[in-house]
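**Student:** Can you keep this structure in mind? I'll have questions shortly.
Protein chains: 4
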Amino acid sequence: MKVVITEDYNEMSTVATQYLLGAMHGQYRKNISITAGSTPKKVYEILVPLVKNKEYFEQVHYYNFDEIEFKGSGNEYGVTMTNLNKMFFDPAEIKKERIHVLDWTNYETQDERIKADGGLDFVLLGVGADGHFCGNLPNTTKFGDLTSRVDEDATPNMVDVLLNEVGGVEEMRPSFYVTMGPKSIMQIKQLVMIANGKEKAEIVKRLVEGTVSEEYPATLLTTHPNMTLIVDKEAASLL
Amino acid sequence: MKVVITEDYNEMSTVATQYLLGAMHGQYRKNISITAGSTPKKVYEILVPLVKNKEYFEQVHYYNFDEIEFKGSGNEYGVTMTNLNKMFFDPAEIKKERIHVLDWTNYETQDERIKADGGLDFVLLGVGADGHFCGNLPNTTKFGDLTSRVDEDATPNMVDVLLNEVGGVEEMRPSFYVTMGPKSIMQIKQLVMIANGKEKAEIVKRLVEGTVSEEYPATLLTTHPNMTLIVDKEAASLL
Amino acid sequence: MKVVITEDYNEMSTVATQYLLGAMHGQYRKNISITAGSTPKKVYEILVPLVKNKEYFEQVHYYNFDEIEFKGSGNEYGVTMTNLNKMFFDPAEIKKERIHVLDWTNYETQDERIKADGGLDFVLLGVGADGHFCGNLPNTTKFGDLTSRVDEDATPNMVDVLLNEVGGVEEMRPSFYVTMGPKSIMQIKQLVMIANGKEKAEIVKRLVEGTVSEEYPATLLTTHPNMTLIVDKEAASLL
Amino acid sequence: MKVVITEDYNEMSTVATQYLLGAMHGQYRKNISITAGSTPKKVYEILVPLVKNKEYFEQVHYYNFDEIEFKGSGNEYGVTMTNLNKMFFDPAEIKKERIHVLDWTNYETQDERIKADGGLDFVLLGVGADGHFCGNLPNTTKFGDLTSRVDEDATPNMVDVLLNEVGGVEEMRPSFYVTMGPKSIMQIKQLVMIANGKEKAEIVKRLVEGTVSEEYPATLLTTHPNMTLIVDKEAASLL
Numbered sequence: 251m252k253v254v255i256t257e258d259y260n261e262m263s264t265v266a267t268q269y270l271l272g273a274m275h276g277q278y279r280k281n282i283s284i285t286a287g288s289t290p291k292k293v294y295e296i297l298v299p300l301v302k303n304k305e306y307f308e309q310v311h312y313y314n315f316d317e318i319e320f321k322g323s324g325n326e327y328g329v330t331m332t333n334l335n336k337m338f339f340d341p342a343e344i345k346k347e348r349i350h351v352l353d354w355t356n357y358e359t360q361d362e363r364i365k366a367d368g369g370l371d372f373v374l375l376g377v378g379a380d381g382h383f384c385g386n387l388p389n390t391t392k393f394g395d396l397t398s399r400v401d402e403d404a405t406p407n408m409v410d411v412l413l414n415e416v417g418g419v420e421e422m423r424p425s426f427y428v429t430m431g432p433k434s435i436m437q438i439k440q441l442v443m444i445a446n447g448k449e450k451a452e453i454v455k456r457l458v459e460g461t462v463s464e465e466y467p468a469t470l471l472t473t474h475p476n477m478t479l480i481v482d483k484e485a486a487s488l489l
Numbered sequence: 251m252k253v254v255i256t257e258d259y260n261e262m263s264t265v266a267t268q269y270l271l272g273a274m275h276g277q278y279r280k281n282i283s284i285t286a287g288s289t290p291k292k293v294y295e296i297l298v299p300l301v302k303n304k305e306y307f308e309q310v311h312y313y314n315f316d317e318i319e320f321k322g323s324g325n326e327y328g329v330t331m332t333n334l335n336k337m338f339f340d341p342a343e344i345k346k347e348r349i350h351v352l353d354w355t356n357y358e359t360q361d362e363r364i365k366a367d368g369g370l371d372f373v374l375l376g377v378g379a380d381g382h383f384c385g386n387l388p389n390t391t392k393f394g395d396l397t398s399r400v401d402e403d404a405t406p407n408m409v410d411v412l413l414n415e416v417g418g419v420e421e422m423r424p425s426f427y428v429t430m431g432p433k434s435i436m437q438i439k440q441l442v443m444i445a446n447g448k449e450k451a452e453i454v455k456r457l458v459e460g461t462v463s464e465e466y467p468a469t470l471l472t473t474h475p476n477m478t479l480i481v482d483k484e485a486a487s488l489l
Numbered sequence: 251m252k253v254v255i256t257e258d259y260n261e262m263s264t265v266a267t268q269y270l271l272g273a274m275h276g277q278y279r280k281n282i283s284i285t286a287g288s289t290p291k292k293v294y295e296i297l298v299p300l301v302k303n304k305e306y307f308e309q310v311h312y313y314n315f316d317e318i319e320f321k322g323s324g325n326e327y328g329v330t331m332t333n334l335n336k337m338f339f340d341p342a343e344i345k346k347e348r349i350h351v352l353d354w355t356n357y358e359t360q361d362e363r364i365k366a367d368g369g370l371d372f373v374l375l376g377v378g379a380d381g382h383f384c385g386n387l388p389n390t391t392k393f394g395d396l397t398s399r400v401d402e403d404a405t406p407n408m409v410d411v412l413l414n415e416v417g418g419v420e421e422m423r424p425s426f427y428v429t430m431g432p433k434s435i436m437q438i439k440q441l442v443m444i445a446n447g448k449e450k451a452e453i454v455k456r457l458v459e460g461t462v463s464e465e466y467p468a469t470l471l472t473t474h475p476n477m478t479l480i481v482d483k484e485a486a487s488l489l
Numbered sequence: 251m252k253v254v255i256t257e258d259y260n261e262m263s264t265v266a267t268q269y270l271l272g273a274m275h276g277q278y279r280k281n282i283s284i285t286a287g288s289t290p291k292k293v294y295e296i297l298v299p300l301v302k303n304k305e306y307f308e309q310v311h312y313y314n315f316d317e318i319e320f321k322g323s324g325n326e327y328g329v330t331m332t333n334l335n336k337m338f339f340d341p342a343e344i345k346k347e348r349i350h351v352l353d354w355t356n357y358e359t360q361d362e363r364i365k366a367d368g369g370l371d372f373v374l375l376g377v378g379a380d381g382h383f384c385g386n387l388p389n390t391t392k393f394g395d396l397t398s399r400v401d402e403d404a405t406p407n408m409v410d411v412l413l414n415e416v417g418g419v420e421e422m423r424p425s426f427y428v429t430m431g432p433k434s435i436m437q438i439k440q441l442v443m444i445a446n447g448k449e450k451a452e453i454v455k456r457l458v459e460g461t462v463s464e465e466y467p468a469t470l471l472t473t474h475p476n477m478t479l480i481v482d483k484e485a486a487s488l489l
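Protein chains in written order, with the working numbering: chain A, 251 to 489; chain B, 251 to 489; chain C, 251 to 489; chain D, 251 to 489.
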């Protein structure tokens with residue numbers, strides 16, 4: 251694992267975007283998975299004007315890596331895709347045929363479909379203070395899991411997690427979510443993880459110096475042969 | 251992980267040699283790590299005449315991944331290198347300057363030296379019925395370990411393991427051995443593991459279908475993005 | 251360009267097969283183009299039993315790179331594919347859906363189709379004493395040509411060439427043949443060229459030491475960043 | 251060859267910088283060659299603050315690809331390095347041990363030294379209206395040339411070219427310059443060429459649509475398997 255320490259959130263985002271753009275350019279199809287959430291917000295702010303309506307990025311295919319249904323809402327998209335649409339796919343005007351949606355209806359074939367598409371070339375990931383990445387929260391998935399569903403009884407507070415994700419609206423709370431598992435993510439050719447802020451300092455210390463353990467799912471990724479962790483000074487403050 | 255199921259030990263060895271030769275050819279330096287032991291015996295029988303005195307393999311550099319001293323013997327080499335010398339390096343007349351020896355004197359800088367050499371491109375590994383690979387026996391190293399020493403008190407039977415490795419000669423029994431750790435091996439760009447015979451059927455089943463757990467160290471390698479497991483029919487009999 | 255000098259035709263064929271097998275193994279689709287003719291005969295003799303009915307080569311897709319119609323014969327295949335079928339595809343029992351035929355009906359879209367398939371990963375080529383490769387004979391195609399048709403009036407003796415290719419049967423002589431052009435072949439990620447015998451010594455000398463010139467079309471390939479020329483001692487005798 | 255058409259000089263420079271940064275990031279040594287001259291001015295303006303004092307770019311090694319001596323001046327550096335120092339190496343504070351200078355004293359071993367360093371991973375090139383790249387002016391080098399010296403009698407106006415390069419000071423005019431040849435550049439794993447302005451429209455048209463010919467040296471590069479041509483609208487106006 252390479253650790254890139256940057257000054258602040260802006261530089262973290264700039265460097266992450268450099269990695270991302272490097273992985274997107276090329277003559278042949280590039281399969282990229284990108285993360286929703288608050289950490290990559292600036293990455294997409296930088297990225298949108300660079301990608302919007304640019305024919306030279308037409309070889310890029312996008313994949314989301316987890317999803318939570320807004321149950322009974324009739325929404326085509328769940329929490330993750332709604333967020334990605336808003337932050338990136340809509341403003342960058344990415345064509346639908348190049349967005350490969352993972353959701354609650356097709357998760358069982360996600361790993362097969364990706365394999366048939368030639369594998370993923372690159373993923374941009376965040377990490378939680380609890381060591382989760384994608385939907386791989388502690389005590390939900392195992393290191394050996396491929397794309398999985400995580401049910402409401404997976405952990406004591408999972409019902410609350412699900413409720414919170416759909417904005418606290420009980421009627422829209424689904425009974426499970428889906429996520430590419432640790433093994434699915436490890437199959438990707440290049441991993442880039444971003445983390446900023448003091449609240450990430452402990453997990454970053456653990457990723458850089460600590461053991462690999464299912465208690466902190468992201469520790470597995472530190473063994474990947476092409477993994478880069480990009481952090482700001484605050485997230486690096488315990489190193 | 252790709253699983254290659256072959257008819258028998260000969261075909262397993264033939265296919266492993268195809269992977270190995272594919273990784274050795276090229277215009278620029280290739281860094282290869284190879285395994286000692288009984289499983290690869292046939293691989294080296296096939297390999298020696300193909301490599302001996304062939305200038306077109308002069309870009310290949312070799313690395314052993316574990317070592318046990320013959321203590322007090324005055325031997326330059328330990329158990330692993332002695333075995334590799336006998337099976338491959340001597341009969342293939344590989345020049346010493348292209349053999350990068352890991353031993354009890356330099357293990358602490360092994361990972362740094364490999365990084366400075368550009369990383370390892372390929373490793374050929376065996377697997378034990380107990381799930382060990384290299385010197386990563388159950389309950390010795392952890393998934394997050396780089397090259398490590400394993401002491402005689404690491405497990406209840408480690409003294410016996412060490413004694414057995416040096417041929418049962420108590421005076422030559424060292425108090426520790428050294429091995430590239432799980433994290434060191436995961437950094438290698440391509441992994442190929444070979445297994446044959448009924449006694450490997452259970453561990454092979456576990457590698458292919460089971461969970462990833464430090465109880466069976468080799469299960470970690472199943473998450474590597476470029477890992478191939480080559481087995482014969484007997485080792486595949488429980489799949 | 252790397253030059254591999256081998257003892258004889260057998261070793262040249264063995265080493266070429268090592269390169270080929272190295273390019274065929276893998277987890278994801280591999281697109282390989284192979285040559286017909288007499289030079290690779292031994293390569294296919296070695297290859298057929300190693301590939302026949304082996305599931306672990308099911309990711310390999312095959313492409314021929316030139317073709318000459320047996321005109322009016324009603325034959326589905328032309329000269330090249332007939333030869334490849336006989337030497338390799340039939341005895342190795344390669345499934346038709348993994349053989350991507352170039353012929354006189356579809357040559358205009360060959361480069362597009364290959365691009366859509368992700369590009370070719372590897373090509374095995376021969377070379378003529380006159381410096382031709384594929385159907386790129388001197389004074390037929392230009393360095394900048396993609397897949398092209400070469401007409402009977404391209405050179406003074408082209409009618410005879412075409413006649414000879416279809417076995418001297420005037421009724422079957424077509425008015426043109428098709429070939430991937432120099433630029434098409436240069437787009438392939440890895441090139442391996444084989445040459446044996448004294449009659450190849452001059453062109454081999456030219457490839458290794460000489461200038462790059464359309465008079466000897468294969469000289470262009472010596473500029474490719476991943477090109478290997480495998481020759482026997484006789485073909486290397488003027489180096 | 252992939253052709254990237256951008257709006258203007260700024261976007262051309264932005265996209266070129268994206269390619270460059272993508273090639274510079276990584277865990278292992280990266281060998282990069284970059285161009286002097288006026289076309290890349292904006293690339294270096296963008297690049298300098300992104301690279302200056304950034305430890306995460308310490309794996310990058312830099313190589314110049316041509317040089318002209320300021321004769322008798324006692325200057326350590328020639329025209330190209332002086333220009334690169336001013337535009338990039340000095341303001342970005344690149345350490346000298348990571349700058350591998352080609353000059354009039356060591357050009358004969360340039361290709362060997364690069365090979366020993368593992369080859370070049372990436373080059374950023376400009377192109378002249380006359381089709382030259384690096385110091386490969388029409389009628390100076392041949393497609394098959396490695397790093398070469400070009401003497402004052404190479405072309406009728408070469409004395410003037412040399413004089414102009416050293417600022418018109420006759421006492422400093424050298425009798426030759428050195429350049430990596432077409433074959434040296436083709437060995438690089440990834441090529442990126444930039445061109446802007448109307449005066450480049452004809453050569454760009456020739457690169458995209460024309461033949462490959464030594465009259466226009468850069469046409470050779472259009473056959474490279476990983477070549478990108480980045481142009482602005484004006485340079486693309488004849489496509």
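We put the beta carbon where it would ideally sit given N, CA and C, even for glycine.
Keep in mind it's a predicted model, so treat the numbers as computed, not measured.
What residues of chain B sit near residue 481(C), judged by a beta carbon separation below 8 angstroms?
**Tutor:** The CB of residue 481(C) never comes closer than 8 angstroms to any CB in chain B; the least such distance is about 11 angstroms.
**Student:** Quick one: is residue 278(C) near chain A, going by C-beta distance under 8 angstroms?
**Tutor:** For residue 278(C), the answer is yes, since a Cβ of chain A falls inside 8 angstroms of its Cβ.
**Student:** Mind checking which residues open and close the beta strand (DSSP E) that includes residue 284(B)?
**Tutor:** Residue 284(B): not part of any beta strand (DSSP E); DSSP gives it neither H nor E.
**Student:** Would you call the region 337-354 of chain B and the region 373-391 of chain B touching, i.e. three or more CB-CB distances under 8 angstroms?
**Tutor:** As far as the Cβ criterion goes, the region 337-354 of chain B does not touch the region 373-391 of chain B, which means the pair count is below three.
**Student:** Listed from N- to C-terminal order along the chain, which residues in the region 354-366 of chain D have their beta-carbon within a distance smaller than 8 angstroms of any beta-carbon of chain C?
**Tutor:** none
**Student:** When we look at the beta-carbon of residue 261(B) and count the other beta-carbons within 10 Å, is it buried (16 or more) or exposed?
**Tutor:** buried
**Student:** Going along chain B in order, which residues have a C-beta closer than 7 angstroms to the C-beta of residue 294(C)?
**Tutor:** Going along chain B, no residue has its Cβ under 7 angstroms from residue 294(C), so there is no contact; the nearest lies around 16 angstroms.
**Student:** Taking the alpha carbon of residue 374(D) as the reference point, which residue from 255(D), 267(D), 326(D), 483(D) has its own alpha carbon closest?
**Tutor:** The residue from 255(D), 267(D), 326(D), 483(D) with its alpha-carbon nearest to that of residue 374(D) is 267(D).
**Student:** By the criterion of Cβ-Cβ separation under 9 angstroms, what are the contact partners of residue 432(C) in chain D?
**Tutor:** 462, 473
**Student:** Mapping the DSSP letters down to three states, classify residue 469(B) as helix, strand or coil.
**Tutor:** helix
**Student:** Counting contacts by CB-CB distance shorter than 8 angstroms, is residue 311(A) in contact with chain D?
**Tutor:** no
**Student:** For residue 399(C), name the three-state secondary structure that DSSP assigns.
**Tutor:** Residue 399(C) falls in the strand class under three-state DSSP.
**Student:** Comparing alpha-carbon positions, which option in 437(A), 481(A), 440(A) lies nearest residue 457(A)?
**Tutor:** 481(A)
**Student:** How is residue 477(A) classed by DSSP in three states: helix, strand or coil?
**Tutor:** strand
**Student:** Give me the Cα-Cα distance between residue 451(D) and residue 488(D), rounded to the nearest whole angstrom.
**Tutor:** 6 angstroms
**Student:** Determine which residues of the region 258-284 of chain D have a Cβ less than 8 angstroms from any Cβ of chain A, and write them out in chain order.
**Tutor:** 264, 265, 268, 269, 271, 272, 273, 275, 276, 277
**Student:** Output the distance between the C-alpha atoms of residue 462(C) and residue 253(A), rounded to the nearest integer angstrom.
**Tutor:** 45 angstroms
**Student:** Got a sec, what are the start and stop residues for the beta strand (DSSP E) residue 445(B) sits in?
**Tutor:** 441-445
**Student:** Counting along the chain, where does the alpha helix (DSSP H) carrying residue 361(D) start and finish?
**Tutor:** 360-366
**Student:** At a Cβ cut of 8 angstroms, what residues of the region 432-446 of chain B count as close to chain A, listed as they run along the chain?
**Tutor:** Look at the region 432-446 of chain B: the residues with a C-beta under 8 angstroms from a C-beta of chain A are 432, 433, 436, 437, 438, 439.
**Student:** Given a cut-off of 8 angstroms on the beta-carbon distance, is the pair residue 430(C) and residue 316(C) in contact?
**Tutor:** yes
**Student:** With DSSP as the reference, identify every bridge partner of residue 323(C), one or two as the case may be.
**Tutor:** DSSP, once it has assigned bridges, lists no residue as partnering residue 323(C).
**Student:** In whole angstroms, what separates the C-alpha of residue 466(A) from that of residue 483(B)?
**Tutor:** Taking the straight line from one Cα to the other gives about 37 angstroms.
**Student:** Per DSSP, what kind of secondary structure is residue 405(D) in: helix, strand or coil?
**Tutor:** coil
**Student:** Examine chain B for any beta-carbon lying closer than 8 angstroms to the beta-carbon of residue 254(C), and answer yes or no.
**Tutor:** Residue 254(C) belongs to the set of residues whose beta carbon lies under 8 angstroms from a beta carbon in chain B.
**Student:** Bridge partners for residue 429(C) per DSSP, in chain order?
**Tutor:** 316(C), 398(C)
**Student:** Name the DSSP bridge partner or partners of residue 256(B)?
**Tutor:** 482(B)
**Student:** In chain order, what residues of the region 388-417 of chain B put their CB closer than 9 angstroms to some CB of chain A?
**Tutor:** Listed by position, the residues of the region 388-417 of chain B near chain A (Cβ gap below 9 angstroms) are 392, 393, 394, 395.
**Student:** For residue 321(B), is the classification buried or exposed, using 16 other Cβ atoms within 10 angstroms of its Cβ as the cut-off for buried?
**Tutor:** buried
**Student:** Under 8 angstroms by Cβ, that's how I've got residue 402(B) and residue 408(B) pegged, so tell me the actual separation to the nearest angstrom.
**Tutor:** 5 angstroms
**Student:** How far does the alpha helix (DSSP H) with residue 334(D) in it extend, from its first residue to its last?
**Tutor:** 329-334
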